[in-house]
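Per this note's numbering, the sequence shown runs over residues 37 to 384.
Cβ atoms here follow ideal geometry from the backbone N, Cα and C, with glycine treated the same way.
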Amino acid sequence: METGYVLLQHWHLEVAVVLGFFLDLLLGDPEHWFHPVRIIGGLVRELERRLYPKAGPPVAAFWNGLFLWLCCVGAVGTGVFLLTAGLRGIFFPLGFLFEILLSYQLLAARCLRDSAERVARALGEGGLAAGRKAVSYIVGRDTEALDEAGVIRATVETVAENASDGEVAPLFYLLLFGVTGGWVYKAVNTMDSMLGYKNARYELFGRVAARMDDVFNWIPARIAALLLIAAAAITGQDAREAARIFRRDRYRHASPNSAQTESVMAGALGVRLAGPASYFGERKEKPYIGDAGREIETEDIARANRMLTAASWLSLFFFLALRFFCCAIAAKLAVSLQSAAVLLPLLF
């Protein structure tokens, strides 16, 4: 019993992340539960209210946006670190439970899957109008004029993009940089969703938020794409075509990261995604991703969800293995440095 407790203290992060992963699979994101992202959102809005320049040169908006980003990242990182470390120091079981809770609330695979299933169910039971309404809750584009194929396409794109943002990237930062790293990533992601618009208000003020989100997602998005290719093979989709379209189309997007996973999904399903879309009443011309091998259909939402689930499991195993490998290397390095410290005085 005592040995198990000592091991838990040593491997608390890994166990917390695994338990958080299972909680997400079981519970998802219940609608009326409080979520810490609301605190981050409130902080961003308050900082924006105080820092958005009402006068002065345009460049002031950029520098104030940079200051907002630093304040938010610093506040979230410091707050999470002090809370988790402090609770573990005061009473380890309480700190451990808090880490499980924070890990669980970072992951969104179940919520994403449920949201996509609601769109498919709405299309089947309530028709196009119900499908448009359901998809409007999970996409930023205008949905009033979408046809059935457009509703399905928007849903599949959301599953593909958020496979990285909502699952793979949080696991990457959780298992490599701890709960603090995971919530710093979530703060970066939240600031991008609130400030990263290319319009008159946020073109300069939100530029740092948008660019830093690209930076933080650069590695996870590419890992997510590779995991989705493996997931395509596991779930019976076309992994070879997924890899081909990934190589060809992974930069057909204004974001350097979004098309990484969308291209894999398009190839795996054999459909064409992206293309022109309307945002806030303005039509945006975007390139297509994938080949129009067949018409997209409602069942593609279920196929995308199965790929998401498989990729979630693969990412958990992959990042756990990577963490154990890094810990083993660090332990060997520490032993080598300790030996060198003992031998060094003997040489002089």
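Requested in this report: May I ask you to list the residues that DSSP assigns as paired with S314?
Outcome: Looking at the DSSP assignment, S314 forms a beta bridge with R319.
Requested in this report: For A328, I'd like the list of residues in its chain whose CB is within less than 8 Å of its CB, leaving aside the five on either flank, ordered along the chain.
Outcome: The beta carbon of A328 sits closer than 8 Å to the beta carbons of V307, R308 from its chain, once the five residues preceding and following it are set aside; these are given in chain order.
Requested in this report: Quick one: using the 10 Å Cβ neighbour count with 16 as the cut-off for buried, is D249 buried or exposed?
Outcome: Answer is buried; the Cβ neighbour count reaches 16.
Query raised in the report: So A236 is in the alpha helix (DSSP H); what residue range does that whole segment cover?
Result: Per DSSP, A236 belongs to no alpha helix (DSSP H) and is neither H nor E.
Query - Of the residues I259, V300, S291, the one placed nearest A275, counting alpha carbons only - result: Comparing Cα positions, the closest option is V300.
Report task. Starting from the C-beta of K320, find all residues in its chain whose C-beta is less than 8 Å away, skip the five residues before and the five after it, and write them out in chain order. Result -> The residues P312, A313, S314, in chain order, have a CB closer than 8 Å to that of K320 in the same chain once the five nearest residues on each side in sequence are set aside.
**Report entry** Host alpha helix (DSSP H) of G78 (start-end)
**Finding:** Following the DSSP letters along the chain, one finds G78 inside the alpha helix (DSSP H) bounded by residues 73 to 87.
Query raised in the report: Does the Cβ of T226 have 16 or more other Cβ atoms within 10 Å, making it buried, or fewer, making it exposed?
Result: With 16 or more other Cβ atoms within 10 Å, it is buried.
Query raised in the report: Taking one C-beta from the region 261 to 281 and one from the region 119 to 130 each time, how about it: are there three or more such pairs within less than 8 Å?
Result: Verdict: no, contact absent.
Requested in this report: Report, in whole angstroms, the separation of the C-beta atoms of L104 and L210, which I expect to be a contact under 8 Å.
Outcome: L104 to L210, Cβ: 25 Å. No contact.
**Report entry** Per-residue burial, I332 [other beta carbons within 10 Å of its own, 16 or more giving buried]
**Finding:** The residue is buried, with at least 16 neighbouring Cβ atoms inside 10 Å.
Query raised in the report: Are the Cβ atoms of R288 and I265 separated by less than 8 Å?
Result: No; because the gap between Cβ atoms is not below 8 Å, this pair is not in contact.
Report task. Name, in chain order, the residues that DSSP records as bridge partners for Y324. Result -> Answer by DSSP bridge pairing, in chain order: A310.
Query - L138 beta carbon less than 8 Å from that of C108 - result: The beta carbons of C108 and L138 sit no closer together than 8 Å.
Query raised in the report: In three-state DSSP terms, what is Y287?
Result: Judged by DSSP in its simplified three-state form, Y287 adopts coil rather than helix or strand.
**Report entry** Same chain only: Cβ atoms within 7 Å of A111, ignoring 5 sequence neighbours per side
**Finding:** Beyond the five residues adjoining it in sequence on each side, A111 comes within less than 7 Å, by CB distance, of L79 in the same chain, given in chain order.
Query raised in the report: Is Y173 helix, strand or coil by DSSP?
Result: Looking at Y173 - three-state DSSP - the assignment turns out to be coil, as it is neither helix nor strand.
Requested in this report: Work out the CA separation of T297 and Y221 for me, nearest whole Å.
Outcome: C-alpha separation (whole angstroms): 19 Å.
Requested in this report: Just tell me which of P292, P72, Y238 has its CA closest to the CA of V95.
Outcome: If we check each option's Cα against that of V95, Y238 comes out closest.
Query raised in the report: Can you list the alpha helix (DSSP H) stretches of 4 or more residues lying completely in the region 125 to 176, in chain order?
Result: Counting only runs that start and end inside the region 125 to 176, the alpha helix (DSSP H) elements of at least 4 residues fall at 128 to 142, 145 to 172.
Query raised in the report: What separation, rounded to the nearest whole angstrom, lies between the Cα atoms of A260 and G92?
Result: Their backbone Cα atoms lie some 42 Å apart in a straight line.
Query raised in the report: In or out: L43 buried (at least 16 other Cβ within 10 Å) or exposed?
Result: Counting every other CB atom within 10 Å of its CB across the protein chains shown gives L43 a total below 16, marking it as exposed.
Report task. Return the first residue and the last residue of the alpha helix (DSSP H) that A268 is part of. Result -> Run containing A268: 243 to 270, per the alpha helix (DSSP H) assignment.
**Report entry** Range of the contiguous alpha helix (DSSP H) that encloses D60
**Finding:** Following the DSSP letters along the chain, one finds D60 inside the alpha helix (DSSP H) bounded by residues 48 to 63.
Requested in this report: Figure out for me which residue from V53, S229, S351 has the closest Cα to the Cα of A257.
Outcome: Checked all of V53, S229, S351; the closest Cα to A257 is S351.
Query raised in the report: Taking the C-alpha atoms as reference points, what is the distance between R157 and L164?
Result: Straight-line measurement puts the Cα of L164 at about 11 Å from the Cα of R157.
**Report entry** V329, DSSP secondary structure in three states
**Finding:** Looking at the sequence itself, residue 329 is Gly, so the reference to Val does not match. If DSSP states are grouped into helix, strand and coil, G329 belongs with coil.
Query raised in the report: So the alpha helix (DSSP H) V204 belongs to, where does it begin and stop?
Result: No alpha helix (DSSP H) holds V204; DSSP gives it neither H nor E.
Query raised in the report: Between the C-alpha atoms of V192 and S372, what's the straight-line distance to the nearest angstrom?
Result: Roughly 50 Å between the two C-alpha positions.
Query - Residue nearest to C362 in terms of C-alpha spacing, selected from R243, A246, F252, F213 - result: Residue nearest to C362 within the set R243, A246, F252, F213 is F213 (criterion: CA-CA distance).
Query raised in the report: In three-state DSSP terms, what is L305?
Result: Looking at L305 - three-state DSSP - the assignment turns out to be helix.
Query raised in the report: Apart from the five residues on each side of it in sequence, which residues of its chain come closer than 6 Å, Cβ to Cβ, to D150?
Result: For D150, where only same-chain residues beyond five positions count, the Cβ hits under 6 Å are G64.
Query raised in the report: Less than 8 Å separating the beta-carbons of A367 and A152?
Result: Their beta carbons are not under 8 Å apart, which means A367 does not touch A152 by this criterion.
Requested in this report: From the DSSP output, in three-state form, read off K90 for me.
Outcome: Looking at K90 - three-state DSSP - the assignment turns out to be coil, as it is neither helix nor strand.
Query - Collapsed DSSP secondary structure at T226 in the structure displayed - result: Residue state, collapsed to three classes: helix.
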